[in-house]
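See structure below.
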Ligand code: ATP
Ligand code: MG
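Encoded structure:
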């Protein structure tokens, strides 16, 4: 095939593709608040959620963030995004369960965090709510899964919510509109690299 034939074929293929893409875009007409679940063992769940916080702020939206399990107070996301106008940033965790080693305290902390989240989920002025590491509180049974799922389902219709954390339950995945499962192919930590500012915190 000569170059002119290849170019003509390419143009025809792209025209067919454009028709299909345009039809799919034309068919997607709904507008509503979305529930996004970012789960899996790979790196990139919380940072993806914070990317959406940046996007939403760029659109002048009001954002609420609750970080449920937090082992450090010196993260770049909190230092930068937490002080932007339009964000309410809450850190409610005392750290990982293997650090606290205190179930009663973990449950009390989880409930404190959930009270903040529940307030945001019933207030339509929050256009995006990020519930970072919420899945752990469900898998440990620190929060009642039905209460959490009901609050997510009953939230204001235009409110977007992002939930992060490993091992999202089937019920949460079922309720969600968009679910990404990030795979753990490789992580530098296993090669002995300590957590790096700007990348891991
Ligand atoms: P990130 O905040 O970087 O997007 P994440 O939210 O997907 O990570 P978490 O389990 O919440 O994952 O991990 C928080 C911290 O642990 C980050 O410093 C991250 O780099 C690191 N981490 C994430 N996944 C892994 C992994 N598979 N092995 C080792 N460390 C990890
Ligand atoms: Mg995370």
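Residue numbers (my numbering): 314 to 514. Think of the CB as a built atom: it goes at the ideal place given N, C-alpha and C, for glycine as much as any other residue.
Quick one: Cα of residue 414 to Cα of residue 377, how far? 29 angstroms
Which word fits residue 486, buried or exposed, when buried means at least 16 other C-beta atoms lie within 10 angstroms of its C-beta? exposed
Buried or exposed: which applies to residue 344, given that a residue is buried once 16 or more other Cβ atoms fall within 10 Å of its Cβ? Looking at its Cβ environment, which holds fewer than 16 other Cβ atoms inside 10 Å, residue 344 is exposed.
Same chain, Cβ closer than 8 angstroms to residue 464, neighbours up to 5 away in sequence not counted: Around residue 464: 430, 431, 434 and 435.
Along the alpha helix (DSSP H) that carries residue 491, what are the first and last residues, could you check? Careful: residue 491 lies outside any alpha helix (DSSP H), inside the beta strand (DSSP E) at 491–494.
State the DSSP-derived secondary structure class of residue 308, mapped to helix, strand or coil. Nothing can be reported for residue 308: it is not among the residues displayed for the chain, which extend from 314 to 514.
Nearest residue (CA-CA) to residue 446, options 456, 417 and 503: Answer by Cα proximity: 456.
For residue 349, which residues does DSSP report across the bridge? 475 and 491
Would you identify the three-state DSSP class for residue 377, choosing helix, strand or coil? strand
Could you say if the stretch 481–501 and the stretch 345–360 meet the contact criterion of at least three C-beta pairs nearer than 8 angstroms? yes
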